[in-house]
Each structure stands twice: as C-alpha cells, then as structure tokens.
Amino acid sequence: MTIPRHPTPIILDGDPGLDDAVAWMLALASPAEVQVLGVCSVHGNVPLERTSHNAGVILALAGEAGHQVPHYAGADRPLVREAVTAAAVHGDSGLPAAELPAPLREPETLHAAEYMIQTIRARPGEITLIATGPLTNVALAFRLAPDLPAKVREVVWMGGSTAHGNRTPAAEFNALADPHAAHVVLTSGAQVRMVGLNLTMQSIATPDRVAALHALGNRAGAVCAELLTFYAGHYRARYGLNGGALHDPVAVAAVIRPDLFTFRPMRVEVDTQDGLNFGRTVCDLYGKPGPEERVRVGMDMDDPAFFALLLERVARLP
Ligand code: BDR
Ligand code: CA
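Numbered per our numbering, the sequence shown spans residues -13 to 304.
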C-alpha cells in the first residue's frame, strides 16, 4: 500500500534553456508530489532577458498548472566572473521551437533572491529549491539572509560533476557559469543534493524517446520533441551521442521520485582559481564523509523508470 504524502513545496530556479523547460513541465505536471510555489529566472544558457521571457512561455505551455505560479527574475550576471552563455546548445532564443505561446505574464517586481528569502522564511524547514542553472540567485539569497541555509529544506542543484566537465574538460556549464556562487551554496551549511553530469549523462533523449514524446499528441509533447531534436544536434556533433542528455529533468525527478536514485554524502569543493580547473567541482569520492557533510552527490539512477515518469507527466499537459 502506498502512503499518500503531501506535495513538497518547491521553488524552481533556472535558466531556460530547453532542458530547463522540460524540467519545469515535469514539475508543473506533478502536483501530487510537488507544489510549485514560484519560478525564478537567472542568467545562464541565454541572457536574463531571454530566460525571463522563456519562463513566462513555459508557464503558458503548462496550461492550468502554470496559471497560479508567479515568476521572479533574478541576477543578470555572475557574482564575480564575466557572463558566459550556451547558445550553441540552446539556440539564441533558448527555446528553439517554431510555435510557442506568448509568455503567460511578466515577472513580478520583486527580485528572485528576495522572493526566495521571504518565501523560505515564512515556512522554515519546508521548502525545497530546485536549481537548474548557475547558482547566482541562490547565493545572493544566502548572503542577504544568512539564516536561510538552515531554513531551506534542501537545495537540489543540477550542476557539477564527479568526473569530467562539458563546457571545459574540467567544468560543467552551471558550475562554470558562476563558480563563486556554487562555492557559496555548497559551503553554506544547507542540505544540498548535487545532480551532476556523472548522473545526468546516464539519461539520453534518443530518437525513440523523442518520437514517444511527439506521439503523445498534445502541444507539450510536440514542443518537448522539437526542443530535444534541436538539442540532439549538439550532442551528436560534440559527443557522438544518440541524443541530448536530460540534465535538468533528472534534477526534478530526484525530488518527485527519490527512490529512483542513489546519492552519496561527500565533501565537494568548487575550484574558483583561474586555470585549467576553474569551475570544477572536486568531489572526495574516496574520503570518509564526516557528520558535517551536507552535500549528497547523485551517483546512479533507474533511467527507464525516469523516462517513463517524464512521458506520463508530459502527457497530462495540454
Ligand atoms: C546544464 O547546463 C545547461 O546548458 C543545461 O540547461 C543544464 O542545466 C548542463 O550542463
Ligand atoms: Ca539549465
């Protein structure tokens, strides 16, 4: 017998970005497991102006599920380094699909970091932050409100890697795009689950999977299929893979279905020194985690069950 549980209240923070879009749709279509309190946009795959526009588009794509969800725009640049984008992967718009609805609404006037502070303080210990972009908004919130790391239930971050990078040989894109912010969050004392490349590269949107999304027959399935087809071009050319990796949806699934994943506590530090390893998340795989270790790193997943979940949830949307 499954015991019914209350949905986990979550804030989505990301840089949509086509895999962010699929991830947010997965969350918005899963009201029994997660209640999306708000979405926040940050610089990253494309500039903030564009990720903010795209956030409104995703809420529109989600239909009813997006209607009550407010949107807050955040940081337009990293804390220290100069901004980097990933238009080669996500297109200049960040959402390379031919027909998209207009954004559901403009962002609220409150900054995303202020929104996080107010919302998490109002419900200490309850709210999970799912971050699928550079951690600038979260780091700003943690610096403005030093009580916040102890009040957030958990930060689940798609970023970093136990092994190689994707944007550089050493660094994953979200870590590289703001390594100083990642350092602030990973050393904040907050409970963090890191969903890095070593995990997310286990889940590829192959042509069969893309076809299954398209065959759902709804608009959300068609848009996901179109975005993932564009994405596959980069993954084929750059890595010789048979499709794009479902990075950001995997992070959302780790909250919806934690039973599909294996996480291990370990010491994780981000290299913020200029040089070959700038932005690398150095993971102490063979160290003994102490009681103070608050970063748990995703190691393995049940990929077929994850994709079945994604398909079933996208089918619920218009
Ligand atoms: C991450 O970088 C971005 O390009 C994707 O949206 C994902 O969050 C993968 O390295
Ligand atoms: Ca992202």
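Glycine is no exception: its CB is placed at the ideal position from the N, C-alpha and C atoms. The model shown is predicted, which means the values in this text are computed figures rather than measured ones.
* Assigned secondary structure, His169 (DSSP; H/G/I helix, E/B strand, else coil) -> Within the sequence shown, residue 169 is the residue found at index 183, counting from 1. Correct three-state label for His169: helix.
For my contact list, Val283 and Arg250 are in at a C-beta cut-off of 8 Å; report their separation, rounded to the angstrom. Counting from 1 along the sequence shown, the entry for residue 283 is found at position 297. Counting from 1 along the sequence shown, the entry for residue 250 is found at position 264. That pair is a contact at about 6 Å.
Q: Please go through the same chain and pick out, in chain order, the residues whose beta-carbon is closer than 7 Å to the beta-carbon of Met(-13), but skip the five residues on each side of it.
A: In the sequence shown, residue -13 corresponds to position 1, counting from 1. Model confidence at Met(-13) stands at a pLDDT of 47, short of 50, so the residue's coordinates are unreliable; what they give is reported in the following sentence. Cβ neighbours of Met(-13) beyond the five flanking positions: none.
- Task: Return the bridge partner residues of Val300 from the DSSP annotation.
- Result: Taking the sequence shown and counting its residues from 1, one reaches residue 300 at position 314. Answer is none; Val300 lacks a bridge partner.
* **Nearest candidate by alpha-carbon position, reference Val32, set Ala163, Gln54, Thr95, Asn123** => Taking the sequence shown and counting its residues from 1, the one referred to as residue 32 is at position 46. Ranking Ala163, Gln54, Thr95, Asn123 by Cα distance to Val32 puts Ala163 first.
Tell me whether Ile(-4) sits in a helix, a strand or coil according to DSSP, three-state version.
-> The residue labelled residue -4 in the question sits at position 10 within the sequence shown. DSSP, reduced to helix, strand and coil, places Ile(-4) within a strand of the structure shown.
DSSP state of Ile113 mapped onto helix, strand, coil: Position 127 of the sequence shown holds residue 113. Coil, per DSSP.
field: Thr361 versus Pro56 - alpha carbon distance
entry: With the chain covering only -13 through 304, there is no way to say anything about residue 361.
Exercise. Could you name the residues of the same chain whose beta carbon sits closer than 6 Å to that of Leu34, not counting the 5 residues immediately before and after it, in chain order?
Key: Here residue 34 refers to the residue found at position 48 when the sequence shown is read from its first residue. Only Asp62 meet the Cβ criterion.
Count Cβ pairs between the segment 244 to 263 and the segment 273 to 287 that sit closer than 8 Å; are there 3 or more? A contact between stretches requires three or more CB pairs, one per stretch, nearer than 8 Å, and the segment 244 to 263 meets this requirement with the segment 273 to 287.
- Query: Can you name, in chain order, every residue of its own chain whose Cβ lies under 6 Å from the Cβ of Ala301, other than the five neighbours on each side?
  - Reply: To locate residue 301, count along the sequence shown from 1; it is residue 315. In the same chain as Ala301, and ignoring 5 residues on each side of it, the C-beta atoms closer than 6 Å to its own belong to Leu202, in chain order.
| Is it a yes or a no for the segment 204 to 217 touching the segment 259 to 267, going by three-plus beta-carbon pairs under 8 Å? | Remark: fewer than three beta-carbon pairs, one from each stretch, lie closer than 8 Å, so the segment 204 to 217 and the segment 259 to 267 are not flagged as touching.
Subject >> Sequence-distant residues of its chain with Cβ nearer than 7 Å to Ala197 (five each side left out) >> reply: One-based indexing of the sequence shown puts residue 197 at position 211. Cβ contact annotation for Ala197 (same chain, cutoff 7 Å, sequence separation greater than five): none.
Checklist entry - Taking 7 Å as the cut-off, is the CB of Pro185 close to at least one heavy atom of ligand 1? => result In the sequence shown, counting from the first residue as 1, residue 185 sits at position 199. First, the amino acid is wrong: residue 185 is Leu here, not Pro. Checking the 7 Å criterion, the Cβ of Leu185 is out of range of every heavy atom belonging to ligand 1.
- Query: For His220, which of Gly145, Ser16, Asn152 has the nearest alpha-carbon?
  - Reply: Stepping through the sequence shown from its first residue, residue 220 is reached at position 234. The candidate whose alpha carbon is nearest that of His220 is Asn152.
request  = Express the C-alpha separation of Ala218 and Gly226 in angstroms, rounding to a whole number.
outcome  = Within the sequence shown, the letter at position 240 stands for residue 226. Within the sequence shown, the letter at position 232 stands for residue 218. Between Gly226 and Ala218, the C-alpha separation is close to 10 Å.
Problem - Identity of the residue in Pro2, Ala15, Gly265 nearest Pro304 by Cα - result: Taking the sequence shown and counting its residues from 1, the one referred to as residue 304 is at position 318. Among Pro2, Ala15, Gly265, the Cα nearest to that of Pro304 belongs to Ala15.
* To do: Answer with buried or exposed for Pro2, where buried requires no fewer than 16 other C-beta atoms within 10 angstroms of its C-beta.
  => Your numbering for residue 2 matches position 16 in the sequence shown. Buried, since its Cβ has 16 or more Cβ neighbours within 10 Å.
Inset, instruction - Tell me where the beta strand (DSSP E) around Glu140 begins and ends. - result: Here residue 140 refers to the residue found at position 154 when the sequence shown is read from its first residue. DSSP places Glu140 inside the beta strand (DSSP E), whose first and last residues are 140 to 144.
Handout entry: Nearest-angstrom Cα separation, counted from Val66 out to Ala239
Key = Walking along the sequence shown from the start, residue 239 turns up at place 253. Walking along the sequence shown from the start, residue 66 turns up at place 80. Approximately 31 Å between the Cα atoms of the pair.
Review point. Using DSSP with H/G/I as helix, E/B as strand and the rest coil, what is Phe292?
Key: Reading the sequence shown from its first residue, position 306 is the one you call residue 292. Three-state result, Phe292: helix.
Q) In the segment 254 to 278, which residue ranges form an unbroken alpha helix (DSSP H) of at least 4 residues, counting only runs that do not cross its ends? A) Scanning the segment 254 to 278 for uninterrupted alpha helix (DSSP H) segments of 4 residues or longer gives nothing; none is fully contained.
Original post:
Taking DSSP as the reference, what is the three-state secondary structure of Val70?
Top reply: Stepping through the sequence shown from its first residue, residue 70 is reached at position 84. Correct three-state label for Val70: coil.
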